[in-house]
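See below for the structure under consideration.
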Amino acid sequence: MMSHKLLLFTVMCISFRVAFSKHPTATRHYKFNIKMQNVTRLCQSKSIVTVNGQFPGPAITAREGDRVVVKVVNHVQYNLTIHWHGIRQLRSGWADGPAYITQCPIQTGQSYVYNFTIKGQRGTLFWHAHISWLRVTLYGPIIILPKRGVPYPFPKPHKEVPLLFGEWWKADTEKIINQAMQTGSAPNISDAYTINGFPGPSYNTCSAKDTFKLKVEPGKTYLLRLINAALNDELFFSVADHNLTVVEADAVYVKPFKTKIVLITPGQTTNVLLKTKNHHPNTTFLMAAKAYATGPAAFDNTTASAILQYHHRHHNSTMKLNKLPLLQPSLPIFNDTTFAFKFNDKIRSLGSSKFPSARVPQKVDRRFFFTVGLGLIPCPNGGNQTCQGPNNTMVAASVNNVSFVMPNTALLQAHFFNQSKGVYTTDFPANPPFKYNYTGNPPSNIMMKTGTKVVALPFNTTVELVLQDTSIIGAESHPLHLHGFNFFVLAQGNGNFDPSKDPARFNLADPAERNTVGVPSGGWVAIRFLADNPGVWFMHCHLEVHTSWGLKMAWVVMDGNRRNQKLPPPPADLPKC
Ligand code: C2O
Ligand code: CU
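Put into structure tokens, the structure is as follows:
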């Protein structure tokens, strides 16, 4: 038996270690008041939905290992949710946020506390509203610093700057998407792109003053945290006459590589180092973003820009600056699929000893082949209404020919309380309903089914998933985003995936590890993930118009046998439908 003294001493030592361990984690509290705010862009004042009146919204800053607690109070007329895009939400699925998937929306006048711990991730992510198109103005950065005392695997930057790309409509986007969903027509394209909320000088006389300026000093390294929060457009980004070094993607370090141009899809985040020139140049440099668009539909072909301005310490040079020549970066043509292929191939996990990555599942339990793309569904209101497609049909989008129908209650609650009957079925197909030349001429029947179907997976299943674009209405790149997991990007290819040949090309050594991947236009991408997180996890195209049209599905990951492999019950304030 331990003596009392010794026992007391042991207990004291243990509590001392808990309280004063070298790198304690913290709890970061935030309050998000959702409220309307008037802002002026492109010479027009508009009332938009914001967090705390800020646009873009406030940054969440935390260290790896910290707990984040965000109280969201809804003061606007829309019911809404907030999603912490890319946060793994290990056993905290109740805080993930996609409406009707993990929670019912927070109604006007109500609040909900999102509570989660950041485990095993560091880098840039972002938060955004996850219902209808409200994320158009409701978004902000998530900055996860490495644990205290752990350096970056690259030289410490002089400054770190988030650059958020967004998309701006002069009209009310909720009206636009609601109307489009009723009539079956395509929603209007945006009027501008924005960088940190500003369109920049290329639009009209007003937009010149609506320009984000980044003041820099010569001879320094800046870390730009690029976030594509646009609704419907993948973007090229470049800084005139400066190289960028990509060091991280989707909050995972990558093998650094130099590039003049970055491609970033909605839902992706990319950290780049920008080294400024050693001497003060007599030039002002533009940073610009414009669309990478491969689909059949119209798209916003404008260019957002911001200014990189070398800051003279010694004399006030505002006058002179206006006279400086403005240098434009050159960006690829809008449908440069070759660039997209090459750029995505360069992204490889860093896999250093400090940040071991690429824990690629080497054996596969379940294989899936999902076609993603557009097609037709019958006009929703039957005879009461006319849709714009042939024979009273409308354009929709699907995964394996199932256009997902949102339930009226949250899937996660239905799953947790064993009340899935009438809410969802577990017969989501592992393969398309029939084989055809996915990227060739469309088959004769391009009608799709509708339903709320999921795939159920036992805890710790390893999943291999091939995502195949279809050219039914037109080939198009689809940035597929998976909630709750990072996946490994094993390979991408043109045309149809060939299961007899293509697996030989899978990179199982240092594949990119991310949460959003562009399914190449007229091609395929293969990914793997380990289903080690119990809950219901949404997967969808991060082009909001395609999500609205049904390009989405969900995975239900069952509890494991151990206590720490089970999803805890929901918090008491979880909103009700
Ligand atoms: Cu960035 Cu399901 O979302
Ligand atoms: Cu899509």
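This note's numbering numbers the first residue of the sequence shown as 1 and each following residue consecutively. From the three backbone atoms N, C-alpha and C, an ideal C-beta is built for every residue, glycine too.
Sub-9 Å separation of residue i and residue j beta-carbons
{"i": "residue 97", "j": "residue 82", "result": "yes"}
{"i": "residue 531", "j": "residue 434", "result": "no"}
{"i": "residue 425", "j": "residue 399", "result": "no"}
{"i": "residue 254", "j": "residue 152", "result": "no"}
{"i": "residue 63", "j": "residue 144", "result": "yes"}
{"i": "residue 129", "j": "residue 200", "result": "no"}
{"i": "residue 259", "j": "residue 343", "result": "yes"}
{"i": "residue 116", "j": "residue 92", "result": "yes"}
{"i": "residue 124", "j": "residue 162", "result": "yes"}
{"i": "residue 99", "j": "residue 545", "result": "no"}
{"i": "residue 285", "j": "residue 312", "result": "no"}
{"i": "residue 473", "j": "residue 551", "result": "no"}
{"i": "residue 325", "j": "residue 282", "result": "yes"}
{"i": "residue 580", "j": "residue 533", "result": "This structure gives no information on residue 580, because the portion of the chain shown stretches from 1 to 577."}
{"i": "residue 554", "j": "residue 466", "result": "no"}
{"i": "residue 438", "j": "residue 419", "result": "no"}
{"i": "residue 337", "j": "residue 522", "result": "yes"}
{"i": "residue 250", "j": "residue 190", "result": "no"}
{"i": "residue 480", "j": "residue 440", "result": "no"}
{"i": "residue 32", "j": "residue 57", "result": "yes"}
{"i": "residue 309", "j": "residue 215", "result": "yes"}
{"i": "residue 347", "j": "residue 225", "result": "no"}
{"i": "residue 140", "j": "residue 394", "result": "no"}
{"i": "residue 558", "j": "residue 411", "result": "no"}
Sequence-distant residues of its chain with Cβ nearer than 6 Å to residue i (five each side left out)
{"i": "residue 402", "result": "449, 451 and 453"}
{"i": "residue 319", "result": "With a pLDDT of only 46 at residue 319, under the threshold of 50, the placement of this residue in the model should not be trusted, and no figure is reported."}
{"i": "residue 212", "result": "195, 196, 198 and 306"}
{"i": "residue 464", "result": "364, 367 and 528"}
{"i": "residue 406", "result": "100"}
{"i": "residue 431", "result": "369"}
{"i": "residue 295", "result": "474 and 476"}
{"i": "residue 261", "result": "236 and 238"}
{"i": "residue 25", "result": "65 and 66"}
{"i": "residue 210", "result": "41, 198 and 199"}
Neighbourhood of residue i by C-beta, 8 Å cutoff - its chain only, sequence neighbours within 5 removed
{"i": "residue 290", "result": "193, 235, 236, 301, 302, 303, 304, 331 and 334"}
{"i": "residue 77", "result": "108"}
{"i": "residue 573", "result": "111, 112 and 113"}
{"i": "residue 158", "result": "217, 220, 221 and 222"}
{"i": "residue 146", "result": "63, 64, 122 and 152"}
{"i": "residue 28", "result": "60, 61, 62, 66, 67, 68 and 69"}
Cβ-based burial, residue i [other Cβ within 10 Å; buried from 16]
{"i": "residue 257", "result": "exposed"}
{"i": "residue 20", "result": "Low confidence applies to residue 20: its pLDDT is 47, below 50, so where it sits in the model is not reliable enough to give any reading."}
{"i": "residue 447", "result": "exposed"}
{"i": "residue 66", "result": "buried"}
{"i": "residue 414", "result": "buried"}
{"i": "residue 562", "result": "exposed"}
{"i": "residue 47", "result": "exposed"}
{"i": "residue 492", "result": "buried"}
{"i": "residue 156", "result": "exposed"}
{"i": "residue 516", "result": "buried"}
{"i": "residue 379", "result": "buried"}
{"i": "residue 509", "result": "exposed"}
{"i": "residue 43", "result": "exposed"}
{"i": "residue 208", "result": "exposed"}
{"i": "residue 408", "result": "exposed"}
{"i": "residue 121", "result": "buried"}
{"i": "residue 171", "result": "exposed"}
{"i": "residue 45", "result": "exposed"}
{"i": "residue 428", "result": "buried"}
{"i": "residue 386", "result": "exposed"}
{"i": "residue 279", "result": "exposed"}
{"i": "residue 607", "result": "Here the chain comprises residues numbered 1 to 577, so residue 607 is not present and cannot be evaluated."}
{"i": "residue 103", "result": "buried"}
Residues near residue i by beta carbon distance below 7 Å, same chain, minus five either side
{"i": "residue 230", "result": "165, 166, 167, 193 and 266"}
{"i": "residue 443", "result": "436"}
{"i": "residue 547", "result": "540 and 541"}
{"i": "residue 80", "result": "34, 74, 105, 106, 129, 131 and 134"}
{"i": "residue 173", "result": "133 and 136"}
{"i": "residue 538", "result": "98, 101, 483, 552 and 554"}
{"i": "residue 240", "result": "285, 286, 327, 328 and 329"}
{"i": "residue 507", "result": "490 and 491"}
Can you list, in chain order, the stretches of the beta strand (DSSP E) that have 3 or more residues and sit fully within the segment 394-434? As far as the segment 394-434 is concerned, its whole beta strand (DSSP E) runs of at least 3 residues are 402-404.
So which residues put a beta carbon under 7 Å from any heavy atom of ligand 1, going in chain order? The set, ordered by position in the chain, is 83, 85, 98, 128, 130, 267, 481, 483, 538, 540 and 542.
Taking only runs that begin and end inside the segment 243-277, name each unbroken beta strand (DSSP E) of 3 or more residues, in chain order. The segment 243-277 contains these whole beta strand (DSSP E) runs: 244-249, 252-259, 261-264 and 269-275.
Which runs of the beta strand (DSSP E) fall wholly inside the segment 454-520 and span at least 3 residues, in chain order? Runs of the beta strand (DSSP E) inside the segment 454-520: 454-457, 461-469, 478-482, 487-494, 512-514 and 516-519.
Starting from the N-terminal side, write out each stretch of the beta strand (DSSP E) that is 3 residues or longer and does not extend beyond the segment 528-574. You should have 535-541 and 552-557.
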